[in-house]
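Just so we're aligned: 296 in full-length UniProt numbering is position 296 of the sequence shown, and the numbers increase by one with no gaps anywhere.
To start, the structure itself, in structure tokens.
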Amino acid sequence: MIRTIGIPAETKDGERRIALEPSAVKMAISAGFEVRIQQDGGVGAGFTNEDYQAVGAKIVPTAADVWESDLVCKVKEPQPSEWGYFREGLHLFAYLHLAAEPDLARALMSSGVEAFAFETLSYPKGLPLLAPMSEVAGRAAAIMGAYYLASGSGTLLGGSAGVLPARVVVVGMGVAGTMAARGARGMDAEVTGVDIDLARLHELQQQGTITASLASSEMAIAEVVKNADLVVGAALVPGAKAPKLITREHIESMKPGSVAVDLAIDQGGCIETSRPTSLSHPTFVDSGVVHYCVTNVPGQYPRTSSRALSAAVAPRLVDLARDPASERLAGALNVSKGKIVYKAVSESLGF
């Protein structure tokens with residue numbers, strides 16, 4: 001039976017989010033659970049220890065104190081320094097992205113943790129715990145793309161009088177891709193959306209979110225990426241490794257100083273030349289193209305991101321604390337009784 005909920009401070013590089021803001025903590029306490037917050041865990045997102053104490057939370061001094069809780073809820077996947085806290089009977093609720101984290105998957109399996117992932121929960125429809133952070137990441141992609149394009153090829157997204165605007169290609173028009181396209185259009189770039197869903201492309205083009213659309217295929221992507229100033233990869237297969245839709249050859253065909261932003265990097269990346277980067281070292285150059293492949297993009301906007309994530313997570317956290325088998329947690333369980341139980345994760349890892 002779950003009686004205590006722990007919220008640790010995040011340990012991933014540059015990560016300042018916290019899983020629950022004070023109002024969400026109050027919801028969990030009102031539901032009858034003790035909530036433990038690691039000291040100063042919310043400071044990076046603008047929430048003080050006193051804010052949490054005011055709603056009835058217990059402030060504990062160390063991560064070990066938090067991880068003693070029956071249920072631990074955090075933002076990012078546990079880092080290797082936290083794996084020692086795993087134990088049989090512990091319930092974990094977080095972004096896990098296990099298809100790209102085989103060592104973490106093994107650690108969860110061997111320790112007997114019941115691990116629930118935000119990114120695969122599908123109740124009541126779609127991916128409601130992934131969507132808020134996809135929205136933030138998509139908005140950030142346009143900002144980061146514009147910033148690094150300035151220091152790369154020296155191109156302004158919106159162009160100027162007598163100068164053509166930049167050409168932006170977004171591959172994958174889900175929540176993240178749509179928000180990236182909206183951001184680029186808001187800066188007056190020309191934006192081509194690429195997807196397999198023709199109805200979605202038609203809708204976005206009619207709305208003005210994109211200026212052109214293209215049905216996804218290797219040849220089509222090669223054609224538009226070659227002339228792009230900024231490419232945003234946002235392809236998603238829930239729970240599975242992201243498909244490598246943008247190949248090395250595509251990247252090598254781009255102009256020097258162009259920029260590639262891989263928003264699918266948490267799931268292994270959809271750009272073949274991508275490799276994970278951090279908020280402290282966000283970019284690298286491959287084939288003359290600046291790559292931005294940060295695995296926790298929303299972490300650089302901790303106030304907004306924490307509040308958006310908290311609003312989505314809090315009701316499901318209470319559901320989990322009350323009944324881990326609740327239908328409101330459909331799709332969330334990834335590891336149980338030492339086994340991977342989410343099919344796409346299992347297939348991606350080959351376990």
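The beta-carbon is built from N, C-alpha and C at its ideal position, and this holds for glycine as well.
Predicted model, so just to flag it, every value in this text is computed and none were measured.
*Could you please give the first and the last residue of the uninterrupted alpha helix (DSSP H) stretch that includes N49?*
Within the sequence shown, the letter at position 49 stands for residue 49. It spans 49-54 - the alpha helix (DSSP H) in which N49 sits, taken as one unbroken run.
*Might you give, ordered along the chain, the residues of its own chain that have their beta carbon closer than 6 Å to the beta carbon of G42, omitting 5 neighbours on each side?*
For the purposes of this step, residue 42 is identified with residue 42 of the sequence shown, where counting begins at 1. Closer than 6 Å at Cβ, skipping near neighbours: I18.
*asked:* Tell me the DSSP secondary structure of A212 in three-state form.
replied: As a first step, residue 212 is located in the sequence shown; it is residue number 212 there, counting from the start. It is a strand residue.
*Are K58 and R36 closer than 7 Å when you measure CB to CB?*
If you number the sequence shown from 1, residue 58 lands on position 58. If you number the sequence shown from 1, residue 36 lands on position 36. In this structure, R36 lies closer than 7 Å to K58 by Cβ.
_Relative to the C-alpha of P199, which candidate in S216, V191, V289, R185 has its C-alpha closest?_
Position 199 of the sequence shown holds residue 199. The amino acid at residue 199 is misidentified as Pro; the sequence shows Ala. Closest by alpha carbon: S216.
*In this structure, does DSSP put K226 in helix, strand or coil?*
Residue 226 sits at position 226 when you count from the first residue of the sequence shown. Helix at K226.
*Which residues in the same chain as G338 place their Cβ atom closer than 8 Å to its Cβ, once the five residues preceding and following it in sequence are excluded?*
Position 338 of the sequence shown, counted from the start, is the residue given in the question as residue 338. If we look at G338 and ignore the five residues flanking it on each side, its Cβ neighbours are M109, S110, G112.
*By how many angstroms is the C-alpha of M133 removed from the C-alpha of A332?*
Position 332 of the sequence shown, counting from 1, holds the residue named residue 332. Position 133 of the sequence shown, counting from 1, holds the residue named residue 133. Each residue's CA atom was taken as its position, placing A332 and M133 some 16 Å apart.
*Would you tell me roughly how many angstroms separate the C-alpha atoms of S348 and G177, rounded to the nearest one?*
Along the sequence shown, read from residue 1 onward, the residue named residue 348 stands at position 348. Along the sequence shown, read from residue 1 onward, the residue named residue 177 stands at position 177. For S348 and G177, the distance between alpha carbons rounds to 23 Å.
*Pick helix, strand or coil for V66, following the three-state DSSP scheme.*
For the purposes of this step, residue 66 is taken as residue 66 along the sequence shown, with counting starting at 1. Here V66 sits in helix by DSSP.
*On the three-state DSSP scale, how would you describe Y342?*
Translated into positions along the sequence shown, residue 342 becomes position 342. Three-state result, Y342: coil.
*Every unbroken beta strand (DSSP E) within the region 154-202, with a cutoff of 3 residues, ordered by chain*: As summarised for the region 154-202, the continuous beta strand (DSSP E) elements at least 3 residues long and confined to that stretch are 167-171, 190-195, given in chain order.
*Is the beta carbon of G152 sitting closer than 7 Å to the one on V290?*
Taking the sequence shown and counting its residues from 1, one reaches residue 152 at position 152. Taking the sequence shown and counting its residues from 1, one reaches residue 290 at position 290. Yes, the Cβ-Cβ distance between G152 and V290 is below 7 Å.
*Use the C-beta contact count for T48: other C-beta atoms within 10 angstroms, 16 or more gives buried, fewer gives exposed.*
By 1-based counting over the sequence shown, the position of residue 48 is 48. When all chains shown are included, T48 counts as exposed.
*Looking only at C-alpha atoms, which of R307, A308, R328 sits nearest to L317?*
On the sequence shown, residue 317 is found 317 positions in, with the first residue counted as 1. Ranking the options by Cα distance to L317, first place goes to R328.
*Is it the case that the Cβ atoms of A344 and A260 are separated by a distance below 7 Å?*
Here residue 344 is taken as the residue at index 344 of the sequence shown, counted from 1. Here residue 260 is taken as the residue at index 260 of the sequence shown, counted from 1. Against a cut-off of 7 Å, the Cβ pair of A260 and A344 comes out as no contact.
*Cβ contact (3+ pairs, closer than 8 Å) linking the region 135-153 and the region 96-105*: For the pair of segments examined, the region 135-153 was found not to touch the region 96-105: the number of CB pairs separated by less than 8 Å stays below three.
*State the CB to CB distance for the pair A222 and L214, rounded to an integer number of angstroms; the pair is presumed to be in contact (CB under 8 Å).*
Translated into positions along the sequence shown, residue 222 becomes position 222. Translated into positions along the sequence shown, residue 214 becomes position 214. At roughly 11 Å, the Cβ-Cβ gap does not stay under 8 Å, so A222 and L214 are not in contact.
*DSSP three-state call for S310: helix, strand or coil?*
Position 310 of the sequence shown, counted from the first residue, corresponds to residue 310. Residue state, collapsed to three classes: helix.
*Candidates A321, V66, D51, P298: which alpha carbon is nearest G6's?*
Counting from one through the sequence shown, the residue named residue 6 turns up at place 6. Ranking A321, V66, D51, P298 by Cα distance to G6 puts V66 first.
_Collapsed DSSP secondary structure at L333 in the structure displayed_ = Mapped onto the sequence shown, residue 333 falls at position 333. Looking at L333 - three-state DSSP - the assignment turns out to be strand.
*Between P78 and G208, what straight-line distance do the alpha-carbon atoms span, to the nearest angstrom?*
Position 78 of the sequence shown, counted from the first residue, corresponds to residue 78. Position 208 of the sequence shown, counted from the first residue, corresponds to residue 208. P78 and G208: Cα-Cα distance of roughly 40 Å.
*Compute the Euclidean distance between the alpha carbons of Q53 and F351, then round it to the nearest angstrom.*
Indexing the sequence shown from 1 puts residue 53 at position 53. Indexing the sequence shown from 1 puts residue 351 at position 351. C-alpha separation (whole angstroms): 43 Å.
_For D262 and A321, I'd like the C-alpha separation in whole angstroms._
Taking the first residue of the sequence shown as 1, we reach residue 262 at position 262. Taking the first residue of the sequence shown as 1, we reach residue 321 at position 321. The alpha-carbon atoms of D262 and A321 are separated by roughly 34 Å.
*Three-state secondary structure (DSSP) at D286?*
The residue given as residue 286 occupies position 286 in the sequence shown. Reduced to three states, the DSSP call for D286 is strand.
_6 Å Cβ shell around V72 - same chain, five flanking residues per side excluded_ = Here residue 72 refers to the residue found at position 72 of the sequence shown. Here the set comprises G6, L92.
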